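Engineer:
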Amino acid sequence: MKQHHYSLISLAVMSACYSQYAIADLKSQCLLGVPQFHGEVVQGDQTQLPVYIEADSAVINQPTDATYTGDVSVKQGNRSIVADQVYVEQQDGKAQNVRLTGKFDYRDNQINATGNDATINLVSNEAQLGNADYQLVGRQGRGTAEEVSANNDTRIMKNASFTSCLPNDESWSIEANEMIQHVKDEYAEIWHARFKVLGVPVFYSPYLQFPIGDRRRTGLLMPSAGHSSRDGYTYSQPFYWNIAPNLDATITPTYYSKRGWQISPEFRYLTELGEGKIAGEYLNKDRLSDWTEKNKSRHLFYWQHNMSFLSDWRLSVDYTHVSDKRYFSDFDSEYGNSTDGYATQQFKLGYYQPNYNISISGKKFQTFDDADIGPYRVLPKIDFNYYKDQLVKNGDFKFFAQVAHFDNDSKLMPTAWRFHAEPSLNFPLANRFGSLSLETKLYATHYLQKKGSGDGAEDIQRNVTRVLPQIKLDFKTILEADKQIFSGFSQVLEPRMQYLYRPYKNQANIGSQLQSSLGLGYDSALLQQDYYSLFNDRRYSGLDRIASANQITVGGTTRFFNDKTGDEVFNFSAGQIYYLSPSKIDDNSLNSTAKRSSSWSLESNWKFHPKWNWHGSYQYDTRLNETSLANMSLQFKPKENHVIQLNYRYASKNYIDQNLSTNRYGQDIKQIGGVAGWELTDKVSVMVSHYHDMALKKPVESQLGITYNTCCWSANVYTARRLTATPTGKSDTINDFYYENKFGVNFELRFGTNYNSGVSRMLKKGNIPYTEAFNIN
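Structural data, given as structure tokens:
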């Protein structure tokens, strides 16, 4: 990366550190220029309330009319009028019509208006105002009109204007021959609209709608534009469709100068059949220079659904499918990321009762690597869980059963039905000194396996039965230190010890030899070894590989609390597995731990200052005899929208490769970098991030985003340089690197409801977005 990229980032970081505190927040400043209604709002029909009139002089013709002159004040309910002269018509002793002559000042709980000459019907609540200058009450919004006809529901304005900018700010405005403001529905319709920026017309529309409140309205959203070395110039124009109170959609056409047009609809719903989102992205023919399949469309389909029905039933769907393996590398999509190695397609239908539940589900993975053999899909998978406390004296009973069918796209791989039953009985004992539980469990699994149909498929044992008993003894306690190690801080110790025994059974006949050699099954993978997973029953997720166990796990957590506030300020967890005999799943030494070796993990959080947090973790893999994972984070967060986080993350190449069936990565991951998001002032926010891989000696990603906010508009400028997919036809080795340079700008009009600084939105950008991975309260 060129030197000037680093200089730009360094400048942004120094600016963020220099400006630690923004002045008064933007919302407070904006509302200072907005009229507020003082006093309690009177509810009900205002026309039935008495009218109070004060004036310097009055001529009263009882009982028909009266004329008031000289600083006249008229009040009825929430509304009040101050005028030079007021003529009032009366009927049956009640004021009916009010005619204002000369200048007037009208105020109620929704609008303030000044102008010349007006007529108000106090019975029907209708009014006609001349040469009005109005401002909304309690929210931004002002304008002018030659004529105004208003009632409880609408305001019809002739030759009118509207802007959410504060007085003396002419950043933007909308002018129209006629404008109808729908008060209750909180939107405005305008005819022959001219959109002006700094008083200069930039857009015309014969008809337009825009919101004047918080309710959702159909219409165009603000566009965004940018440039990318990969995509060329880009322009997106979202259209929002408020279909119904429980249905809406956003349709976004995007133009890429190097690729063509993409359409991205998104539909959200909340109905009796559940809530969810359906979205898609479609590009008919991709003109990208290194994309070879020019005649095929590139598309994405996404569906997420959750449903509760008949009180005890639950249905969930999470489905993502893309047209090709490079999709998330070539497109920026909120439904996937270039760092994702697969897309998930799954559903689950369940019936839930207090003591039991049953569900049927299915899952499939769409992988994005070039492996000839991908993961298995499972359909159906039927799960049953039953719980019964005190089934026997002091004994809690659990029973889990599953029936699952596994299939693979590769004809070389076997298919299988798996039948599994897992009863367990737990005897918990607890008192003020701690808890001790004795658990017995049985794993009973039967496989009906079928050889793959392709030529060269491995022979496989058709019927396999595996029965494994298990016993576990788990002890926990909490100890409070009698003496303080550090003044003002109390300490708590939480030691834990667990013994686990499960006999060995050779499981090489489950699945193919390839699966067995990698320690994999139909749905099994090696578990991550963080501190808490050290106390898991099994080293492998899934049920196909259940390793033998004759081991003692010892661990504990110490915590320190501030005596004054009671807040936790520090914790440290350490755990170790001591193998009394090797843990293995077959006779392959690669799938076995060395005798008497130990797996261990360290994890810590330290809030050494109210604004500073530190987090670190370390994991050692005894199968590899080396450090497998490590990470460290230092965060400075004095308040919301002010954060700086420095990160280091490490993963050994052997740990990565042992979870890959093909295409070994062949390189350690050693990444160091950081991200900062900061409100420099009440109007200016910045985000900057940079990550560098020390093993590759190359930058991974650099980003810079700046947002400028005002009361009625905001602008965001974003630039980034990041590693991207290797172009088609190029060599794909560890020494080849391809970067994408991006630049974008986005404008947003604000109608007095959004005062977001933009920091949280900017922090989500990029392949390595900001995550708050720790938090001590």
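Start counting at 1 in the sequence shown, then tack on 12, and there's your number in the numbering used here.
Quick reminder that beta carbons are idealized off the backbone N, C-alpha and C, glycines included.
Note that this is a predicted model, so its numbers are computed, not measured.
Does the Cβ of GLN365 have 16 or more other Cβ atoms within 10 Å, making it buried, or fewer, making it exposed?
Structural biologist: For the purposes of this step, residue 365 is taken as residue 353 along the sequence shown, with counting starting at 1. Counting Cβ neighbours within 10 Å, GLN365 comes out exposed, since fewer than 16 surround it.
Engineer: Hey, how far is the Cα of ILE746 from the Cα of LYS709?
Structural biologist: By one-based count along the sequence shown, residue 746 stands at place 734. By one-based count along the sequence shown, residue 709 stands at place 697. Residue placement at ILE746 is poorly supported in this model, since its pLDDT is 48, which falls under 50; the coordinates still yield a value, given next. Distance between the alpha carbons of ILE746 and LYS709 is about 11 Å.
Engineer: Should ASP744 go down as buried or exposed, given a rule of 16 or more other Cβ atoms within 10 Å for buried?
Structural biologist: As a position in the sequence shown, residue 744 is number 732, starting the count at 1. Because ASP744 sits at a pLDDT of 46, beneath the cut-off of 50, its placement in the model cannot be relied upon, and the point is left open.
Engineer: What runs of the alpha helix (DSSP H), each 4 residues or longer, lie entirely inside the region 517-593?
Structural biologist: Counting only runs of 4 or more, we get 525-529.
Engineer: Look at LEU450 and PHE439 and say whether their C-beta atoms are less than 8 Å apart.
Structural biologist: The residue labelled residue 450 in the question sits at position 438 within the sequence shown. The residue labelled residue 439 in the question sits at position 427 within the sequence shown. Yes. Within cutoff.
Engineer: Could you have a look at ASN73 and say whether DSSP puts it in helix, strand or coil?
Structural biologist: Residue numbering aside, residue 73 sits at position 61 when the sequence shown is read from its first letter. Strand at ASN73.
Engineer: Which class does LEU460 belong to by DSSP, given the choice of helix, strand or coil?
Structural biologist: As a first step, residue 460 must be located in the sequence shown, where it is residue number 448. In this structure, LEU460 counts as strand in the three-state DSSP scheme.
Engineer: Does the Cβ of ASP243 have 16 or more other Cβ atoms within 10 Å, making it buried, or fewer, making it exposed?
Structural biologist: Numbered from its first residue, the sequence shown carries residue 243 at position 231. With 16 or more Cβ atoms within 10 Å of its Cβ, ASP243 is classed as buried.
Engineer: Would you kindly work out how many angstroms separate the C-alpha atoms of ILE796 and TYR398, rounded to a whole number?
Structural biologist: Here the chain comprises residues numbered 13 to 789, so residue 796 is not present and cannot be evaluated.
Engineer: With which residues is HIS627 paired in a DSSP beta bridge?
Structural biologist: Locating residue 627 in the sequence shown gives position 615, counting from the first residue. HIS627 pairs with ASN617, SER645.
Engineer: Check whether the region 559-574 and the region 509-524 are in contact - that is, three or more C-beta pairs closer than 8 Å.
Structural biologist: The answer is yes - the region 509-524 touches the region 559-574, with three or more Cβ pairs under 8 Å.
Engineer: Thinking C-alpha only, which one of SER248, SER345, TRP325 is nearest HIS333?
Structural biologist: Here residue 333 refers to the residue found at position 321 of the sequence shown. When only C-alpha atoms are compared, the closest one is SER345.
Engineer: For THR722, which residues does DSSP report across the bridge?
Structural biologist: Within the sequence shown, the letter at position 710 stands for residue 722. DSSP lists no partner for THR722.
Engineer: Can you tell me the Cβ-Cβ gap for THR731 and TYR750, rounded? I've got them flagged as a contact below 8 Å.
Structural biologist: Start at 1 with the first residue of the sequence shown, and residue 731 comes out as number 719. Start at 1 with the first residue of the sequence shown, and residue 750 comes out as number 738. Contact flag wrong, Cβ pair sits at about 18 Å.
Engineer: Taking 8 Å as the threshold, find out whether the region 429-439 comes into contact with the region 469-477 through three or more Cβ pairs.
Structural biologist: The region 429-439 is not in contact with the region 469-477.
Engineer: Return the Cβ separation of TYR590 and SER610 in integer angstroms, given the expectation that the two are a contact with Cβ distance under 8 Å.
Structural biologist: Taking the sequence shown and counting its residues from 1, the one referred to as residue 590 is at position 578. Taking the sequence shown and counting its residues from 1, the one referred to as residue 610 is at position 598. So it is a contact: roughly 5 Å between Cβ atoms.
Engineer: Starting from the Cα of ALA237, find the closest Cα among GLU760, THR783, HIS627 and give me that residue.
Structural biologist: For the purposes of this step, residue 237 is taken as the residue at position 225 of the sequence shown. That would be GLU760, whose Cα lies nearest to the Cα of ALA237.
Engineer: At a cut of 8 Å, does the region 679-691 reach the region 648-665 through at least three beta carbon pairs?
Structural biologist: The region 679-691 is in contact with the region 648-665.
Engineer: Just list the beta strand (DSSP E) runs in the region 183-258, keeping only unbroken ones of 3 residues or longer that don't cross its boundaries, in chain order.
Structural biologist: Listed in chain order, the complete beta strand (DSSP E) runs (minimum 3 residues) inside the region 183-258 are 184-194, 199-209, 212-223, 236-240, 244-248, 251-256.
Engineer: Does the structure place the region 575-584 close enough to the region 522-537 that three or more beta carbon pairs sit under 8 Å?
Structural biologist: No, they do not touch.
Engineer: Short of 8 Å in beta carbon distance, which residues of its chain neighbour LEU403, apart from the five on each side in sequence? Order them along the chain.
Structural biologist: As a first step, residue 403 must be located in the sequence shown, where it is residue number 391. Once the five neighbours on either side are set aside, the close Cβ partners of LEU403 are PHE409, LEU437.
Engineer: Distance check for PHE572 and ILE497, CA to CA, integer angstroms please.
Structural biologist: Stepping through the sequence shown from its first residue, residue 497 is reached at position 485. Stepping through the sequence shown from its first residue, residue 572 is reached at position 560. Cα-Cα distance, rounded: 10 Å.
Engineer: Using a threshold of 8 Å, state whether the C-beta atoms of THR427 and ASP421 are closer than that.
Structural biologist: Residue mapping note: residue 427 aligns to position 415 of the sequence shown, counting from 1. Residue mapping note: residue 421 aligns to position 409 of the sequence shown, counting from 1. No, the Cβ-Cβ distance between THR427 and ASP421 is not below 8 Å.
Engineer: Starting from MET509, follow its DSSP beta bridges and name the residues at the other end.
Structural biologist: Here residue 509 refers to the residue found at position 497 of the sequence shown. Its beta-bridge partners are PHE487, VAL566.
Engineer: Since ILE780 and TYR703 should fall inside the 8 Å C-beta cutoff, what is the C-beta to C-beta distance between them, to a whole number of angstroms?
Structural biologist: What you label residue 780 is simply residue 768 of the sequence shown in a count that begins at 1. What you label residue 703 is simply residue 691 of the sequence shown in a count that begins at 1. Contact holds; Cβ gap of about 5 Å.
Engineer: What did DSSP end up calling ASP145 once you bin it into helix, strand or coil?
Structural biologist: In the sequence shown, residue 145 corresponds to position 133, counting from 1. Of the three classes helix, strand and coil, the one that applies to ASP145 here is strand, per DSSP.
Engineer: Identify the residues that DSSP records as bridge partners of ASP419: which are they?
Structural biologist: What you label residue 419 is simply residue 407 of the sequence shown in a count that begins at 1. Looking at the DSSP assignment, ASP419 forms a beta bridge with ARG389.
Engineer: In chain order, what are the residue ranges of uninterrupted alpha helix (DSSP H) at least 4 long that sit wholly in the region 71-138?
Structural biologist: The region 71-138 contains no whole alpha helix (DSSP H) run of 4 or more residues.
Engineer: Quick one, which of VAL757, ASN728, CYS724, LYS754 has its alpha-carbon nearest ILE186's?
Structural biologist: Taking the first residue of the sequence shown as 1, we reach residue 186 at position 174. Selected option, being the one with the closest Cα: CYS724.
Engineer: With distances taken from CA atoms, which of SER772, ALA70, LEU555 is nearest ALA416?
Structural biologist: Along the sequence shown, read from residue 1 onward, the residue named residue 416 stands at position 404. Out of SER772, ALA70, LEU555, LEU555 has the C-alpha closest to the C-alpha of ALA416.
Engineer: In whole angstroms, what is the alpha-carbon distance linking GLU470 and GLN715?
Structural biologist: Walking along the sequence shown from the start, residue 470 turns up at place 458. Walking along the sequence shown from the start, residue 715 turns up at place 703. Each residue's Cα considered, the two are about 50 Å apart.
Engineer: Taking the alpha carbon of LEU134 as the reference point, which residue from MET706, ASN766, PRO62 has its own alpha carbon closest?
Structural biologist: Along the sequence shown, read from residue 1 onward, the residue named residue 134 stands at position 122. If we check each option's Cα against that of LEU134, PRO62 comes out closest.
Engineer: Would you tell me roughly how many angstroms separate the C-alpha atoms of TYR782 and SER335, rounded to the nearest one?
Structural biologist: In the sequence shown, the residue the question calls residue 782 occupies position 770. In the sequence shown, the residue the question calls residue 335 occupies position 323. Approximately 29 Å, taken between the alpha carbons.
Engineer: Distance check for ARG478 and LEU460, CA to CA, integer angstroms please.
Structural biologist: Looking up residue 460 in the sequence shown gives position 448. Looking up residue 478 in the sequence shown gives position 466. Taking the straight line from one Cα to the other gives about 12 Å.
Engineer: Report the residue ranges of all alpha helix (DSSP H) runs contained in full by the region 275-350; include only those spanning at least 4 residues, in chain order.
Structural biologist: Runs found: 339-342.
Engineer: State yes or no: is the C-beta of ALA78 within less than 8 Å of the C-beta of GLN97?
Structural biologist: Mapped onto the sequence shown, residue 78 falls at position 66. Mapped onto the sequence shown, residue 97 falls at position 85. Not in contact: ALA78 and GLN97 (Cβ atoms no closer than 8 Å).
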